Amino acid sequence: MLGPFRVECDGAEVASGTPQMRTVLALLVWHANEVVPVGRMFDELWGEVPPASAKVQLQGIISRLRRLLGKERIATAATGYVLRCTAAELDVELVRQDLAAARGLIAGGDVALGATRLREALGRWDGPADLNLTEPVAAQIDELRMTVLEERADADLLLGGTADLIGELTAAAAAHPLRERVRAQLMTALARRGRVSEALDVFLTFRRTMVDELGVEPSAQLCSLHARILRGEPGVRPAFPVPREAHQPRQLPPALPDFVSREELLTELADVLTAPGRERSPLVAVSGAAGLGKTAFVVQLAHRVRERFPDGQLFATLRGDDTMAVLQQFLRALGVPADLVPAAEDECSALLRDLLAGREVLLVVDNAADARQVRPFVPAEPGCAVLVTSRRTLGELEGARLVRLGLLDADESAELLAKIIGVPPGDALVAHCGGLPLALRVAGALLLDHPHWTVDDLAARLADERTRLDWLEVGDLDVRASFDASYRQLSQSHQMLFRRLGLLPATTVPGWLAAALLDVGQTGAERVLEDLVSWHLVSTAGCGTAIRYGMHDLLRCFAAEQAEPEQGAVLTRAVGACLEMAESMAARLPTGVLKPLPGKALRHHAEADACDPIAWFDTELPTLRAVVETAAVRGMAEHAWELAVVCQRYFDHCGHDDA
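When you read off a place in the sequence shown, starting at 1, and then add 20, the result is the number in this note's numbering.
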């Protein structure tokens, strides 16, 4: 049916007989597997006035067709006849199957294979349809062909094809002067080939035709395409060849000469990045607290594997929400002329993936705020690799190898300081830096800047927690500023809990105490705490229901600075919560133990866990002692003695006479 009507049996064409036999057969084929009423056949053969012998003549035609095709092919129904055949025996049905399959492939992302399937469908036509029936069969077949042609043209445009399309679309537009989709495709193909004036002429000609013949304007979509071509926007401006060999960027910063430690992890990740036979681009996301040396670590790693990526190494630091700027930077580095860099983020990302296809490039994206910033840089093919740093754990980043950097231990800290200053640093100075590489580097730079200082001089200056951060700053190295950058990215509730934790004297705190600081339920407080853990601003110890939360000493100093205006209120709330919680637990102790009368100190609500009171006191005793001492020092005598007296019930019950 896709061209001159013909019937083949076993590969050989079968003569369809007289014109009347041909008409009846064409009607049966077009309505294959459907009953064609006798009256419908009369109308097709003789019009409105069939002869008296019409029924006999039709029976004779059906009989001859059965001898031609086989008796089982044409069945008699109550009202007419039906041709039995499978979809695979009808070329028009094969095209419909091709079209459906191609749509599925394209929707699934396999545009190339979908376009191939559509080309195969178009190849089934061998000319215009000549089914001379009263219903517009030929027009319906032509409409099917145009649909296949348009969808294949869309697929080719997605794949970057333009040159071969122009002639085909020009002919289709001439044959169908009111078909808008073909005009849009032709305009796009012409514009991408640099034939902008011709693309604009196609629009103007079509607009005149629409106005003259139908009295309407073209659709808003076609008018928008016309405007985009006028502005030269991405997607409708000339494509350009990128000379790949001439653009092999080498953007890695130099590796630190005094880098220490993490050798085992470097070796492990180098193997991940360079593993042969991989199916996708490896993605490594390194996270850790501010000042932990994440950038130095990934740069060290990138230099270790750079020879494995001969087509280039790209490096950029994200500052705020500037993903688009870094994408454009990478495109320019890969040879895209500045005036042809797309203005939309998704187009930049798509072009970056296109340029990286078939290449071996290492991408280093420093200081990502979240996974959303990282995804546009991830290539689709396995030849490349991506290294990312972030101040928070990017657990939502699909397929990433997550690496959490920890603090340096005392020996590693001493080794780093010794490499910087050239002499052993001493235990006190190392301890005051808390294993934080940034603090160690600041300490080393201070000693180099002040040669008249000894190691002990600097250690003495850092001994006071209240002024420690004032000293840990030199040039562009600033521990406080690094912490502040993380703090400013937090929500108000996260900032509130973080700074209030800095005022607590205990090394670690339980979830119920954090809940009291926020004045929310324990579940809500734990969600905020766990977010702070993800940001590496709070650490954890223990597991399950026994998880406790702590903070690095330098982070505690910073947090306490932020909380200074609310220090009195926060401590009152914290001590009041400890007092109420301790009283609740003490009330569960055996009645034989002396129960003191409560004093006048303000309590603050705290959720009491359903746990053994002895076990609770065993766990919380260090916290309670620290709170009593702090309350006494801060002039909160009422709270201090009441909390001490409440704890006495536990001491008496357990026989802790020396407590």
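Ideal Cβ placement from N, Cα and C applies to all residues, glycine included.
Since the structure is predicted, the reported quantities are computational estimates derived from the model, not experimental observations.
Looking only at C-alpha atoms, which of the options sits nearest to residue i?
| i | options | result |
| --- | --- | --- |
| Arg251 | Ala194, Pro362, Thr167, Leu334 | Pro362 |
| Gln515 | Ala240, Leu497, Ala545, Gly541 | Ala545 |
| Asp12 | Gly403, Gly495, Asp342, Leu220 | Only positions 21 to 679 of the chain appear in this structure, which leaves residue 12 out of reach. |
| Glu649 | Phe671, Cys598, Thr639, Asp447 | Cys598 |
| Leu467 | Asp484, Ala438, Arg488, Ala451 | Ala438 |
| Glu237 | Val306, Phe223, Gln205 | Phe223 |
| Arg137 | Glu485, Glu586, Gln117 | Gln117 |
| His572 | Leu591, Pro525, Gly531, Glu603 | Pro525 |
| Val381 | Ala389, His323, Thr413 | His323 |
| Ala479 | Asp278, Val56, Leu460 | Leu460 |
| Arg199 | Thr167, Arg298, Ala505, Glu600 | Thr167 |
| Ile81 | Pro471, Asp429, Arg42 | Arg42 |
| Leu557 | Phe350, Phe317, Gly426 | Gly426 |
| Leu334 | Leu407, Cys368, Val665 | Leu407 |
| Leu286 | Phe279, Thr294, Leu321 | Leu321 |
| Asp469 | Val494, Arg488, Phe226, Asp447 | Val494 |
| Asp386 | Pro399, Gly378, Asp374, Asp342 | Asp342 |
State the DSSP-derived secondary structure class of residue i, mapped to helix, strand or coil.
| i | result |
| --- | --- |
| Ala391 | helix |
| Glu485 | helix |
| Cys598 | helix |
| Glu493 | strand |
| Ser307 | strand |
| Val406 | strand |
| Glu11 | Residue 11 lies beyond the stretch modelled for the chain, which goes from 21 to 679, so this question has no answer here. |
| Val381 | coil |
| Glu288 | helix |
| Val27 | strand |
| Thr315 | helix |
| Thr528 | strand |
| Asp632 | coil |
| Thr413 | coil |
| Phe279 | coil |
| Asp539 | coil |
| Arg593 | helix |
| Leu663 | helix |
| Thr294 | helix |
| Arg42 | helix |
| Glu584 | helix |
Would you check if the distance between the CB atom of residue i and the CB atom of residue j is smaller than 9 Å?
| i | j | result |
| --- | --- | --- |
| Gly570 | His659 | no |
| Arg300 | Gly464 | no |
| Leu538 | Val548 | yes |
| Val443 | Val475 | yes |
| Asp111 | Leu45 | no |
| Arg60 | Leu47 | yes |
| Cys29 | Leu114 | no |
| Pro633 | Ala651 | no |
| Ala310 | Phe503 | yes |
| Leu691 | Ala74 | In the structure as shown, the chain starts at 21 and stops at 679, and residue 691 therefore has no counterpart that could be examined. |
| Arg212 | Arg282 | no |
| Thr99 | Pro70 | no |
| Arg326 | Leu242 | no |
| Arg412 | Ser554 | yes |
| Asp336 | Phe350 | Reading off the sequence shown, one finds Ala at residue 336, where the question assumed Asp. Closer than 9 Å, so yes. |
| Ala3 | Val394 | The structure shown does not extend to residue 3, since the chain is modelled only from 21 to 679, so the question has no answer here. |
| Leu449 | Val280 | no |
| Asn53 | Cys105 | yes |
| Ala192 | Leu164 | no |
| Pro396 | Glu365 | yes |
| Leu303 | Arg421 | yes |
| Arg172 | Ala135 | yes |
| His246 | Leu220 | yes |
| Gly588 | Arg654 | yes |
| Ala536 | Arg488 | no |
In terms of DSSP beta bridges, what is residue i paired with?
| i | result |
| --- | --- |
| Arg270 | Gln333 |
| Arg568 | Ala561 |
| Asp386 | Thr337 |
| Pro57 | Gly100 |
| Glu639 | One point to set straight first is that residue 639 is Thr, not Glu, in the sequence displayed. In the DSSP output, where bridge partners are listed per residue, Thr639 has none listed. |
field: Length at least 3, wholly inside the stretch 132-191: the beta strand (DSSP E) runs in chain order
entry: none
task: Any chance you could list the alpha helix (DSSP H) runs of at least 4 consecutive residues sitting entirely within the stretch 65-99, in chain order?
output: 74-89
query: Where are the beta strand (DSSP E) runs, 3 residues long or more, that stay fully inside the stretch 417-503, in chain order?
result: 421-424
query: Along the chain, which unbroken stretches of the alpha helix (DSSP H) at least 4 residues long are found entirely within the stretch 188-265?
result: 200-212, 216-234, 240-251
- prompt: Where are the beta strand (DSSP E) runs, 3 residues long or more, that stay fully inside the stretch 96-130, in chain order?
  reply: 100-103
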